[in-house]
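Remarks on the structure that follows.
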Amino acid sequence: QDLVARDALRGKRVFIRADLNVPQDDAGRITEDTRIRASVPAIRAALDAGAKVMVTSHLGRPTEGEFKPEDSLAPVAVRLAELLGQPVELKQNWVDGAGLDNLQDGQVVLLENVRVNPGEKKNSDALAQKMAALCDVYVNDAFGTAHRAEASTHGIAKFAPVACAGPLLAAELDALGKALGAPARPLLAIVAGSKVSSKLSILKALAEKVDNLIVGGGIANTFMKAVGLNVGKSLVEAELVGEAKAIIDMMAARGAQVPIPVDVVCAKEFSPTAAATIKDVADVADDDMILDIGPKTAATLAGQIGAAGTVVWNGPVGVFEFDQFGEGTKTLAMAIANSKAFSIAGGGDTLAAIAKYDITDKIGYISTGGGAFLEFLEGKTLPAVQILVDRQAK
Ligand code: 3PG
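When you line the sequence shown up against full-length UniProt numbering, it's residues 7 to 400, in that order.
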């Protein structure tokens, strides 16, 4: 933005690394375009500043050196052109600069799936140097890929004449910093999902920071078991019950809490047509499967959300895809929407819940990151951000 303000981009070759890794259906149609929309401000700013703009991204996890039609960013180029209101040509085999000599000021091209280039995943210096040679200014605007040290997210930042963060990356870091760096208290986190194992390090990191750690989904089952409750035939990770107990005890020791459900919604089978029964936790039978939190629990948690200063949300607390097991997630979603707390949400399932309950405008900040969002919550350094910081320090 500073470069734009100083008109420093006029006539310059600007290489923007975006995260345009969007979901597609079997026919290759984009099913959700948030990341493409989120990439527009950086591209628009560079174009309006008179730059020659190259944008690239990965799509999926292609095999290096083996380009297949389904790896193509072609559908993304079409959507990007619609959003920008100008043509976006897709360039193939661009690493050595082919087809990039005659870019005009105010023109934008999309460089085909960066991950098919040998060396991208391994962060090869040779590839990073080639990409750096294509530009005068490198802009990393790919928060969703900031946890990956790859040639286009990391190596290139060492070699490009100028390297900086784009507006989306900056906004994500600002919002996450606000939520976890110096949060308005109480700081409440919702961490839900099917398995404790996939989010154990996040749970542990947040347990040291937050005032209230709401667990949901299969994760909550393991915590319920840790306090001696029967969870029937629910998804549970018996080997992590000790870890769950340690988190509960650690939180309690510093006056913080992990609220354990008092009631749940059960079924005898996992299916879209399964009959839902609300039960107090003491009444869960051996053949019950817990698929949502119950209304008493949801009301209590909604009250806690209402009293929070900051809410970090990752994961639906029930199987919200089936309406009869969606009330818990809906109640918490509405509580977040109506709360005065600064809220930040991230992760694919969470975004789907936000869309389903139509509260997009009521969330303080919605992250475009999946893995990157989770790694930030874990307190890990994001290598693509760190390289920009290191370079600026020099
Ligand atoms: C994501 O979808 O989380 C990012 O685009 C990163 O994708 P990756 O996990 O394939 O690196």
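Each residue gets a CB set at the ideal place from its N, CA and C atoms; glycine is no exception.
- For D286, the uninterrupted beta strand (DSSP E) segment begins and ends at T283 to D286.
- Relative to the ligand 3PG, even the nearest heavy atom lies 7 Å or more away from the CB of R50.
- As DSSP reads the structure, R19 sits in a beta bridge with K58.
- Not one heavy atom of the ligand 3PG lies closer than 7 Å to the C-beta of N146.
- Under the DSSP assignment, L219 falls in the beta strand (DSSP E) whose first and last residues are N218 to G222.
- Environment of the ligand 3PG, chain-ordered: D25, N27, R67, G150, T151, R154, G376 and G377, taking every residue with Cβ within less than 6 Å of a heavy atom.
- Under the 8 Å Cβ criterion, the region 361-373 counts as touching the region 336-345, having at least three qualifying pairs.
- Within the region 237-293, complete beta strand (DSSP E) segments of at least 3 residues are found at 269-273 and 283-286, given in chain order.
- Between K285 and D269, the C-beta spacing is below 8 Å.
- Residue ranges of uninterrupted beta strand (DSSP E) with 3 or more members, entirely inside the region 297-325 and ordered along the chain, are 316-320.
- The residues I36, E38, D39, R41, I42 and V82, in chain order, have a CB closer than 7 Å to that of V28 in the same chain once the five nearest residues on each side in sequence are set aside.
- Looking at the DSSP output, S349 bridges to V317.
- CA-CA distance, K239 to V197, rounds to 22 Å.
- Within the region 57-119, the runs of alpha helix (DSSP H) at least 4 residues long that lie entirely inside it are, in chain order, 80-90.
- With the rule of 3 Cβ pairs closer than 8 Å, the region 206-213 counts as touching the region 251-267.
- Scanning its chain for C-beta atoms nearer than 7 Å, with the 5 sequence neighbours on each side dropped, one finds around A157 the residues G125, E126, N129, S130, L133, A134 and M137, in chain order.
- Excluding its 5 nearest sequence neighbours in each direction, Q98 has C-beta neighbours in its own chain below 7 Å: E118, listed in chain order.
- Counting C-beta pairs with one atom in each stretch, the region 221-228 and the region 190-204 have three or more that are closer than 8 Å, which means they touch.
- About 5 Å separates the beta carbon of V122 from that of P68, a gap short enough to meet the 8 Å contact definition.
- Beta-bridge partners assigned by DSSP to Q135: none are found.
- In this structure, DSSP gives V28 a state outside helix and strand, which the three-state scheme calls coil.
- N123 is bridged by DSSP to nothing; it lacks a bridge partner.
- Only residues of its own chain outside the window of five on either side were considered, and among them L212, V216, L219 and V318 have a CB closer than 6 Å to the CB of A195, listed in chain order.
- Closest in C-alpha terms to A24, from the list V59, V10 and L186, comes V59.
- Our two residues, I393 and Q330, have alpha carbons roughly 47 Å apart in a direct line.
- When DSSP states are grouped into helix, strand and coil, I365 belongs to the coil group.
- Our two residues, L241 and I266, have alpha carbons roughly 16 Å apart in a direct line.
- In the DSSP annotation of this structure, I162 is not part of any beta strand (DSSP E); the continuous alpha helix (DSSP H) holding it starts and ends at I162 to F165.
- For L338, the secondary structure class from DSSP, reduced to helix, strand or coil, is helix.
- Excluding residues up to 5 positions away in sequence, A51, A52, D54 and A55 lie with their Cβ nearer than 8 Å to the Cβ of V10 in the same chain.
- Collapsing the DSSP output to three states places V10 in a helix.
- Bridge partners of V143 according to DSSP: V20 and V168.
- For D31, same chain residues with a beta-carbon under 7 Å away, outside a window of 5 residues either side, are T37 in chain order.
- DSSP places A198 in the strand class (E or B) of the three-state scheme.
- The alpha carbon of I162 has as its nearest neighbour, out of A190, S345, S277 and C141, the alpha carbon of C141.
- Shown here, L383 sits in a helix according to DSSP, grouped into three states.
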